[in-house]
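Reading through the structure tokens given below for one structure.
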Amino acid sequence: MDFNDTKEEAAFRAEVRAWLEANAQPRTEQSGFARARMSEADALKRAKEWQAKKAAKGYARITWPKEVGGLGGTPMQSVIYGQEEAKFDVPTGFFEIGLGMCIPTVMKFTTPENIARFVRPALFGEEIWCQLFSEPAAGSDVAGLRTRAERDGDDWVINGQKVWTSGAHYSDYGIVLTRTDANVAKHKGLTMFFLSMKSPGVDVRPIRQINGGANFNEVYFNNVRIPDSQRLGEVGKGWDVALVTLMHERLAVGGGAGGTGPDVRELIALARATELEDGPAIRNAAVREKIADFHVRTQGLKYTTYRTMTALSKGQVPGPEASIGKIVSAVKLQDLTHFATELEDMGGYVVGDGAPQDGAFQQAYMWAPGLRIAGGTDEILKNIIAERVLGLPADMRADKDLPFAKLPTGR
Amino acid sequence: MDFNDTKEEAAFRAEVRAWLEANAQPRTEQSGFARARMSEADALKRAKEWQAKKAAKGYARITWPKEVGGLGGTPMQSVIYGQEEAKFDVPTGFFEIGLGMCIPTVMKFTTPENIARFVRPALFGEEIWCQLFSEPAAGSDVAGLRTRAERDGDDWVINGQKVWTSGAHYSDYGIVLTRTDANVAKHKGLTMFFLSMKSPGVDVRPIRQINGGANFNEVYFNNVRIPDSQRLGEVGKGWDVALVTLMHERLAVGGGAGGTGPDVRELIALARATELEDGPAIRNAAVREKIADFHVRTQGLKYTTYRTMTALSKGQVPGPEASIGKIVSAVKLQDLTHFATELEDMGGYVVGDGAPQDGAFQQAYMWAPGLRIAGGTDEILKNIIAERVLGLPADMRADKDLPFAKLPTGR
Amino acid sequence: MNFDFSDDQKLLKDQAQKFLAEHCPPKAVRRILDGEDTYDRALWKRIGEMGWTATAIPEEYGGLGLGPLELCVIAEELGRAVAPVPFSSTVYLAAEAIMLAGSGEQKKKYLSKIASGELIGTLAAAEGPQPLSPRAIHATLKGGKLDGTKTPVIDGEIADIAIVVARTSDEPGERGIGLAIVDLKGAGVSRKAVKTLDPTRNHAAITFKGAAAEALGAPGTGYANLMRVLDRAAVFMAFEQVGGADASLAMARQYAIERYAFGRQIGSFQAIKHKLADVYVNNQIARSNAYFGAWALSTNAPETPEAAAGARVSACEAYHVAAKENIQTHGGMGFTWELDCQLHYRRAKLLGLAIGAPRVWKEKLVAHLEKKNAA
Amino acid sequence: MNFDFSDDQKLLKDQAQKFLAEHCPPKAVRRILDGEDTYDRALWKRIGEMGWTATAIPEEYGGLGLGPLELCVIAEELGRAVAPVPFSSTVYLAAEAIMLAGSGEQKKKYLSKIASGELIGTLAAAEGPQPLSPRAIHATLKGGKLDGTKTPVIDGEIADIAIVVARTSDEPGERGIGLAIVDLKGAGVSRKAVKTLDPTRNHAAITFKGAAAEALGAPGTGYANLMRVLDRAAVFMAFEQVGGADASLAMARQYAIERYAFGRQIGSFQAIKHKLADVYVNNQIARSNAYFGAWALSTNAPETPEAAAGARVSACEAYHVAAKENIQTHGGMGFTWELDCQLHYRRAKLLGLAIGAPRVWKEKLVAHLEKKNAA
């Protein structure tokens, strides 16, 4: 039991490190602030340049075969690259959905011509992809979607609305799950397509969140016409195609285990700096117990990620137990920031300049409710753990055998 | 807003008080200990004597009409009597199930002759009744019971097993819910009877609980034969009859709000007596916060009961919101006793003599899991609140339309 | 046993609810959230006209001479509506402080204007992110002149007067602390808007530089008076919180009934049912504790500090949980700016901190329990 | 990255699991619960024969010379089986203390007998219901004679020797505390059975009246050594707790699949599914923290105290929750003496307190975090 790289891993890490040192600047606190202040357009431009460099070296998608521009590497090598890259001041984050979820789906279900056309530009950051699944009436229940695709000669005509689409506003292409038959059971009437986000009739509007940000979009489809050659998989088999996409989503390792906001280190700093009635908060027994409680959750998650990485390192595929990361970290973020603002007492609801640590706790308190929902609500993730990890029986289904059009609906 | 009796209530309280003072000794800590040490047989004998006295005065069942031996009083008068009686050293508790649940059901569904025969002896404590509903395969799901009653001429023959029957071992009669038709939906094939617990073929065995006590029994029925005149309600309508019984159970006001074990007062005493590393536990900020948390739960329940009593006092009928009492108090008891034993640290798992406060926390810690289950699990009570108080829709039912015999079963 | 509000009080509550449903719909709250103004002037004017600010002020000072119970039912409805008006600052804090500690002249000068709705008042206690205590007070009051900075001050930009907590002598502990009334429009007062998690209530940092200040209450009684004001405010605020918690639950319930997923109403899933049952239980516990606080205020009971602390601790917890689980029940929609779930999430945080975090009140509560159990 | 046990260690774990499934079924535990004996002598003998008590003892003292990782995997299986044997007291407490602080002679004298399973040892630290601290130690060791009473002492009736924590001088704080080895069969030692919530492990109050005692470790190092022993024991015990928590979850899961109510498996209800998902998450968090503790012991890392405290806090919480919710999942049956749910509920309480309540370990943890973050 150790935290060390294997010999091969160490060699790969050194190689990656050398390349990063030659091509990027080390990350500093200053570079973090600078990036936070950068406009999205500037960040995107820098990210595309960096992506092109990475792709040329084969680092853009380490686990992909060399034939499609990858490195033919292992998942562990991918993790190592990520760990090393995180130490440098490089812009990332615009390509994960496209390369992590969309393109693998496209590669599996389209023609060699399309692969030749689309994979390379995506890998080199020239074209960005988004994933158009969720809808207003289909959140946790993705397969309940209503966006229609209707056959018209060799084309399909798409009408409807998607929601919670990350990056739709800067994306060039998207994969879109549609209903092509409402008269069969809901999972059976779906078909997947890909399309240009510049197609006539596609309308992208940002969604404002309660924390003031707008990381997501609504996307409206108004008679959007696409050729049948942009279909992915068979007509009516869209759910199977979507499962491939979602499986790739799950393979992203260690997500949610950190980096979502202030944590125990920041809480300790706050407790040191905050004067209670009778001295610094860090000396208060109740505060200390809370810090300990949060600490063991944080560390428990961190070491759970190490266990997952160990499995990767041994060539095993991590299972759905990785879902514990987001449940724990989202709830912890909400609890920890709630607790921190209460420590700041009458001043704890001040945001921005006047607040300790630049209001990081307050900002995260407003983001935490979103974290408990985005990418699978607490409730859906617990279902997944119960059914797929513990093997408990599925809940009763009201929507299994009825034609979609006959399902009861609400708002 | 006040805590005072109305004029009528005050007059009734004075009357009751005077009678109690003339007929019983005030309760002291000593009398509590004495009662705790008394054998069940002795306690039962004393309780029967006291019940006869109360019944003669009309206090045994204050809300019942005078014709059947009650006082024709209000629910609030019943509460007042209970409050006053609790201050005296009198044995109670053997008759609640019979008079509170069984006899009201019997009165509603049987003949005038049976009423004449059975009500008075129950009221005067001469005959004790128990309620035979739960079964090994029908706990939360009472209507899933399997005990069969089969028609044989003018008689019925009962076979099966009941469980969790309080007081079966000292009861003279019981009401028993049986399945008389397994080929219809489960709620539709039930029929209710009453019977003598001394009937041939009835076998009562105590259930030992994890806290070592045996407050409940298993009751086996082996070809127990009873006449059709002991049927309560129509054949196949047993569920409707049971609902009457269960409604009476819910009407018991304020149950579970206290008296189930050590509470905040005892915890404060423990915190005062316990030395931590740096002084008495009561001075520790974490301990103090916990005490405050428990206190507001305890007080919140107490004042919720006062609100319910106010409704009673105004002649209103309390609704299912009274169910919050047991959820809150059972979980609190488990948490509070867990916390208290942790305060006692390395000595916290010692029971009996060596433990602070005679091991009351340890004893209650072993009883608390039962409290979370008996009389409706936390989960069932939350269903009740969600559906009957908040009006949320029922869960999907697997057992609604299938014949009972076709329902899937496990152990 | 009559542990309930009277029929008259319930009538007042119904009227308040209807009034606010009409004049303070979520749309009105969102106008303030979106920064179109710092508070709802029209609503505040109407509230003055309705006499709500006059509720507990004695008739001799232009008030209605009703009691705290009437104020409690109004508070609950203001909380339910997330009303964007300086009611709590003016009525629970400024007016209560003046009624408690003011001279006859001060009462005459200020209370009638509060009763008529002409004057907005507030309490300026906090000096940054830490709990209130004698050692946390650095503003000084000397020879009728006030110096120092208070932040955040609720409704600080819009208030006409503030009750300011300041150091009046070098005596250690509570005895060195006094209260003063300051005209915020006078010389030596500068204010700067402060952004908070709840923009539907105005906040400022107020700097005093030799500002004229008149002492409120006898020397040496300032801190004790402040504690009594906060105790009373805790009960009124608990009713606001209970109202907000109930509104959050009602929103969640409604959505759980209307929203379908997997072919069923989401309220038919136990994950949602049990979540909302837990919220209901919390809310009931908080309501009952708030009632006890109301009873204590209405009878001037010696249990008031204990009852106030119990009401506050319970109400803070209930509103926090109800507001966050309301968002969660709404799923993705709950996290949008468009929906109103955020109004309660923000207000719950404000009310949970505005007169001190629950931690502080738990400590007060246990101190009282200790005394009681020692007796 | 290799944050896992080796294949050999996993093999040892599998063997231990199979061995205990055969030789320590719930029936065997219940024999002790029902008071037929104070521990499972046959099982203890077999465990000695298997060499488990010898695992971490150096070869020169008759041990197998394996490391703490091997002991961790055995501990997990003993915890899973709720084994009624004096393993933790003998191996994690007595043997570790002697290995840490004993003279060559003491090691020779005791370790080989522990390795062979001939000798049962324990640690006598507690003196009643309060946490351990220098001021809580009243037993005195003077001139090789021990006086005082220790209670509860785990396996106190059946142990041959005890490591006793005693006051060795009037020096204040930790420096006045020492450790000593006492032959419990010698003169001046009297023992009385103590009843606890977990009768599957033996407990006694031991009174020493001038009992012969040999000092363990240099003067003035007793308390520091004790803390180091407890740190190490915390990791081994965390593995027992993780094993017990997993066993509780497995029982609950099995019942949720087999038991039907309302015409469905109860495991298909979200109330049960989400409860068990929560338990699973807790257990994983505890397991990962325990692994970090194991890594720290195996590498003698300076992080050991922090890792040990984290492992203990996390494991106490996980086992407590898993054991109580296992009963709840079983409903009425779970509360019967007949079912085995109670075995874990009892053991979880014992392990949660035996080497100090989580409160104490949280304090230790934060003290270490403070130091680390100061650096």
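From first to last, the protein sequence lines stand for chains A, B, C and D. Its first residue numbered 1, the first sequence is counted upward by one per residue in my numbering. Its first residue numbered 412, the second sequence is counted upward by one per residue in my numbering. Its first residue numbered 823, the third sequence is counted upward by one per residue in my numbering. Its first residue numbered 1198, the fourth sequence is counted upward by one per residue in my numbering. The beta-carbon is built from N, C-alpha and C at its ideal position, and this holds for glycine as well.
Query raised in the report: On the three-state DSSP scale, how would you describe S1070/C?
Result: Counted from its first residue, the third sequence places residue 1070/C at position 248. Correct three-state label for S1070/C: helix.
**Report entry** Short CB-CB distance (under 7 angstroms) between E1219/D and chain B
**Finding:** Reading the fourth sequence from its first residue, position 22 is the one you call residue 1219/D. It does not; no Cβ of chain B falls within 7 angstroms.
Report task. Going by DSSP, name the residue or residues bridged to S171/A. Result -> As a first step, residue 171/A is located in the first sequence; it is residue number 171 there, counting from the start. Answer is none; S171/A lacks a bridge partner.
Query raised in the report: Which residues in chain C sit within 7 angstroms of P370/A, going by Cβ to Cβ distance?
Result: The residue labelled residue 370/A in the question sits at position 370 within the first sequence. Contrary to the premise, residue 370/A reads as Gly rather than Pro in this sequence. The answer, in chain order, is F1157.
Query raised in the report: Three or more C-beta pairs closer than 8 angstroms, one from the region 1174–1182 of chain C and one from the region 952–960 of chain C: is that the case here?
Result: yes
Query raised in the report: So E899/C packs on G1065/C, CB below 8 angstroms; how close in whole Å?
Result: Position 77 of the third sequence, counted from the start, is the residue given in the question as residue 899/C. Position 243 of the third sequence, counted from the start, is the residue given in the question as residue 1065/C. Between G1065/C and E899/C the Cβ distance is about 6 angstroms, and since that is below 8 angstroms, they are a contact.
Query raised in the report: Between E1324/D and A1401/D, which are expected to be in contact by the criterion C-beta below 8 angstroms, what is the C-beta distance as a whole number of angstroms?
Result: Start at 1 with the first residue of the fourth sequence, and residue 1324/D comes out as number 127. Start at 1 with the first residue of the fourth sequence, and residue 1401/D comes out as number 204. Actually they are not in contact, since the Cβ atoms of E1324/D and A1401/D sit about 13 angstroms apart, beyond 8 angstroms.
Query raised in the report: At a CB-CB cut-off below 9 angstroms, which residues of chain B make contact with A398/A?
Result: The count along the first sequence starts at 1 and reaches residue 398/A at position 398. Ordered by position in chain B, the residues that pass the 9 angstroms Cβ test against A398/A are M807.
Query - Cβ-based contacts, 7 angstroms cut-off: residues of the region 1069–1101 of chain C near chain D - result: F1091, Q1092, A1093 and H1096
Query raised in the report: Taking only beta-carbon atoms, is G778/B less than 7 angstroms away from chain D?
Result: Within the second sequence, the letter at position 367 stands for residue 778/B. Reading off the sequence, residue 778/B comes out as Trp, not Gly. No - not a single Cβ of chain D is within 7 angstroms of the one on W778/B.
Report task. Please report how far the alpha carbon of G585/B lies from the alpha carbon of D1537/D, in whole angstroms. Result -> Here residue 585/B refers to the residue found at position 174 of the second sequence. Here residue 1537/D refers to the residue found at position 340 of the fourth sequence. Distance between the alpha carbons of G585/B and D1537/D: 31 angstroms.
Query raised in the report: What is the DSSP secondary structure of R989/C, reduced to helix, strand or coil?
Result: As a working mapping, residue 989/C is identified with position 167 in the third sequence. R989/C: strand per DSSP, three-state reduction.
Query - Runs of alpha helix (DSSP H) wholly within the region 1062–1126 of chain C (minimum 4 residues, chain order) - result: 1092–1121
Report task. May I have the straight-line CA-CA distance separating P691/B from D674/B, to the nearest angstrom? Result -> Locating residue 691/B in the second sequence gives position 280, where the first residue counts as 1. Locating residue 674/B in the second sequence gives position 263, where the first residue counts as 1. For P691/B and D674/B, the distance between alpha carbons rounds to 19 angstroms.
Report task. Please list the segments of the beta strand (DSSP E) lying wholly inside the region 198–256 of chain A, counting only runs of 3 or more residues, in order along the chain. Result -> For the region 198–256 of chain A, whole beta strand (DSSP E) runs of length 3 or above, ordered along the chain, are 202–207 and 216–227.
Query raised in the report: Mapping DSSP to helix, strand and coil, what is W540/B?
Result: For the purposes of this step, residue 540/B is taken as residue 129 along the second sequence, with counting starting at 1. Three-state result, W540/B: strand.
Query raised in the report: Taking one C-beta from the region 703–713 of chain B and one from the region 1097–1110 of chain C each time, how about it: are there three or more such pairs within less than 8 angstroms?
Result: Taking 8 angstroms as the limit for Cβ pairs, the verdict is that the region 1097–1110 of chain C does touch the region 703–713 of chain B.
Query raised in the report: Between I1003/C and I983/C, is the Cβ-Cβ spacing less than 7 angstroms?
Result: Translated into the one-based positions of the third sequence, residue 1003/C becomes position 181. Translated into the one-based positions of the third sequence, residue 983/C becomes position 161. The beta carbons of I1003/C and I983/C sit closer together than 7 angstroms.
Requested in this report: Would you identify the three-state DSSP class for G1156/C, choosing helix, strand or coil?
Outcome: Start at 1 with the first residue of the third sequence, and residue 1156/C comes out as number 334. Here G1156/C sits in helix by DSSP.
Query raised in the report: Shortest alpha-carbon distance to Q727/B belongs to which of T485/B, W475/B and L601/B?
Result: Here residue 727/B refers to the residue found at position 316 of the second sequence. Among T485/B, W475/B and L601/B, the Cα nearest to that of Q727/B is on T485/B.
Query raised in the report: Roughly how far, in whole angstroms, is the beta-carbon of A1356/D from the beta-carbon of I1295/D, given that I think they are within contact range, below 8 angstroms?
Result: Start at 1 with the first residue of the fourth sequence, and residue 1356/D comes out as number 159. Start at 1 with the first residue of the fourth sequence, and residue 1295/D comes out as number 98. With a Cβ gap of about 13 angstroms, A1356/D and I1295/D do not count as contacting.
Requested in this report: Take the Cβ of E344/A as the centre, count every other Cβ of all protein chains shown within 10 Å, and call the residue buried at 16 or more, exposed below.
Outcome: Looking up residue 344/A in the first sequence gives position 344. E344/A comes out buried.
Query raised in the report: Can you tell me the Cα-Cα spacing of D992/C and D969/C, whole angstroms?
Result: Counting from 1 along the third sequence, the entry for residue 992/C is found at position 170. Counting from 1 along the third sequence, the entry for residue 969/C is found at position 147. Spanning the two alpha carbons is a distance of roughly 15 angstroms.
**Report entry** Residue burial classification, A1131/C (beta-carbon count within 10 angstroms, cutoff 16)
**Finding:** Position 309 of the third sequence, counted from the first residue, corresponds to residue 1131/C. Classification of A1131/C: buried, given that the 10 Å Cβ count is 16 or more.
Query - Residues, ordered as in the chain, of the region 549–581 of chain B that lie near chain D by beta-carbon distance below 9 angstroms - result: A549, G550, S551, D552, A554, G555, V574 and W575
Report task. On the DSSP bridge assignment, give the partners of L192/A in chain order. Result -> Sequence index remark: in the first sequence, residue 192/A carries index 192 (1-based). Residue identity check: residue 192/A is Met in the sequence provided, not Leu. Answer is L177/A and L232/A.
Query - Given 8 angstroms, three or more beta-carbon pairs between the region 320–329 of chain A and the region 373–389 of chain A - result: yes
Query - Proximal residues to D89/A (C-beta, below 6 angstroms), its chain only, five neighbours per side dropped - result: Working through the first sequence from its first residue, we reach residue 89/A at position 89. Only Q25, R27 and S31 meet the Cβ criterion.
Report task. Using only the heavy atoms of the ligand COA, determine whether one of them is closer than 6 angstroms to the beta carbon of M1247/D. Result -> As far as ligands go, the structure on display features none, and thus does not contain the ligand COA.
Query - Backbone CA spacing between E645/B and D614/B [nearest angstrom] - result: As a first step, residue 645/B is located in the second sequence; it is residue number 234 there, counting from the start. As a first step, residue 614/B is located in the second sequence; it is residue number 203 there, counting from the start. Cα to Cα, E645/B sits roughly 27 angstroms from D614/B.
Query raised in the report: Under a three-way DSSP split, which group does G481/B fall into?
Result: On the second sequence, position 70 is the one that residue 481/B refers to. DSSP places G481/B in coil when its eight states are reduced to three.
Query - Cβ of D826/C within 7 angstroms of any chain B Cβ - result: Numbered from 1 along the third sequence, position 4 holds the residue referred to as residue 826/C. True, the Cβ-Cβ gap to chain B drops below 7 angstroms.
**Report entry** Of the residues L543/B, D552/B, Y581/B and G578/B, the one placed nearest N570/B, counting alpha carbons only
**Finding:** Residue numbering aside, residue 570/B sits at position 159 when the second sequence is read from its first letter. Among L543/B, D552/B, Y581/B and G578/B, the Cα nearest to that of N570/B is on L543/B.
Report task. Could you name the residues that DSSP lists as bridge partners for I1378/D? Result -> What you label residue 1378/D is simply residue 181 of the fourth sequence in a count that begins at 1. DSSP lists I1360/D and E1411/D as partners of I1378/D.
Query raised in the report: Using a beta-carbon distance cut-off of less than 8 angstroms, what residues from the region 694–726 of chain B approach chain A?
Result: N695, A696, A697, V698, R699 and E700
Report task. For the beta strand (DSSP E) holding P1141/D, just list the boundary residues, first then last. Result -> Residue 1141/D cannot be examined here, being either before or after the span of chain D that is shown, 1198 to 1572.
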